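Taken in sequence, the protein lines are chains H and E. Residue numbers for the first sequence, in the working numbering: -11 to 102. Residue numbers for the second sequence, in the working numbering: 29 to 142. Written below as structure tokens is the structure these notes are about.
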Amino acid sequence: DVKVTQSSRYLVKRTGEKVFLECVQDMDHENMFWYRQDPGLGLRLIYFSYDVKMKEKGDIPEGYSVSREKKERFSLILESASTNQTSMYLCASSLFAGGNSPLHFGNGTRLTVT
Amino acid sequence: QQQVKQSPQSLIVQKGGISIINCAYENTAFDYFPWYQQFPGKGPALLIAIRPDVSEKKEGRFTISFNKSAKQFSLHIMDSQPGDSATYFCAASSTTSGTYKYIFGTGTRLKVLA
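Have a look at this one:
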């Protein structure tokens, strides 16, 4: 089974802090994604990466950046955390390119910015 | 045109009843329609998916019905069980556009009463 592991289950950070969310997958998947989940808004794509050192903006990239130095690891960075970034963050991976490759999600990191 | 509209937002069903969740899309380039199931504290997981060349797909108690002309698809859960209580997301993607993006609906929280 594919395992996508997010390093923290809960995080509490202060406004203005730099925040790192880490994600590791163990199945040699090409593609990795960061989503944000908010009630009533569903899952919204922040950034994705289809190869090491490659990244593409999703639908809501403002205030975020990403890093993919190794194939198995994809980091989401909040350069200066703000209260409107309080949310559940979900990392996902998929095996191959193409819009029908199933997404495998981690269990999420609930971030609170105070 | 990129939206996927999902309804209802929440649903309560008696054990043994039928749960129905509906989704509608606008973009005719979408050609892959998965449903994801998310239990509390877990990430979403692929439940069932359909392509528009068929009008129905059934896996156990879960059925997707697809109406291409109306640009609508729905998830039916037959003989609903308390263990089906979860949040369900529909999604859509294009397998020919060269992108890797899924567009998710806003989610339906299903509660099945024992």
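We put the CB at the ideal spot given by N, CA and C, even for glycine. Because the structure is a prediction, the values reported are computed rather than measured.
Per DSSP, the beta bridge partners of residue 12 of chain H are H:-7 and H:61.
CA-to-CA, the gap between residue 124 of chain E and residue 92 of chain E works out to about 22 Å. If you draw a straight line from the Cα of residue 51 of chain H to the Cα of residue 36 of chain H, it is about 15 Å long. For residue 84 of chain H, no beta strand (DSSP E) run applies, since DSSP gives it neither H nor E.
Residue pairing of residue 52 of chain E in beta bridges, as defined by DSSP: E:33 and E:100. Interface annotation for the segment 49 to 78 of chain E against chain H: 58, 59, 60, 62, 64, 66, 69, 70, 71, 72, 73, 74 and 77, criterion Cβ-Cβ distance under 9 Å.
For the segment 18 to 71 of chain H, the continuous beta strand (DSSP E) assignments of 3+ residues that do not extend past its boundaries occur at 19 to 26, 30 to 37, 52 to 58 and 61 to 66, in sequence order.
In the structure shown, the three-state DSSP call for residue 68 of chain E is coil. Spatial neighbours of residue 47 of chain H in its own chain (CB-CB distance under 6 Å, excluding positions within 5 residues in sequence) are listed in chain order as 32 and 33. By the Cβ neighbour-count rule, residue 141 of chain E is exposed, with fewer than 16 other Cβ atoms within 10 Å of its own. Here DSSP, grouped into helix, strand and coil, assigns residue 110 of chain E to helix.
Contact between residue 0 of chain H and residue 71 of chain H does not hold, since their C-beta atoms are separated by about 12 Å, which reaches or exceeds 8 Å. Taking 7 Å as the CB threshold, residue 49 of chain H stays off the interface with chain E.
Checking the DSSP bridge columns, you'll see residue 137 of chain E partnered with E:38 and E:115.
Taking CB atoms only, residue 135 of chain E has a neighbour in chain H less than 7 Å away.
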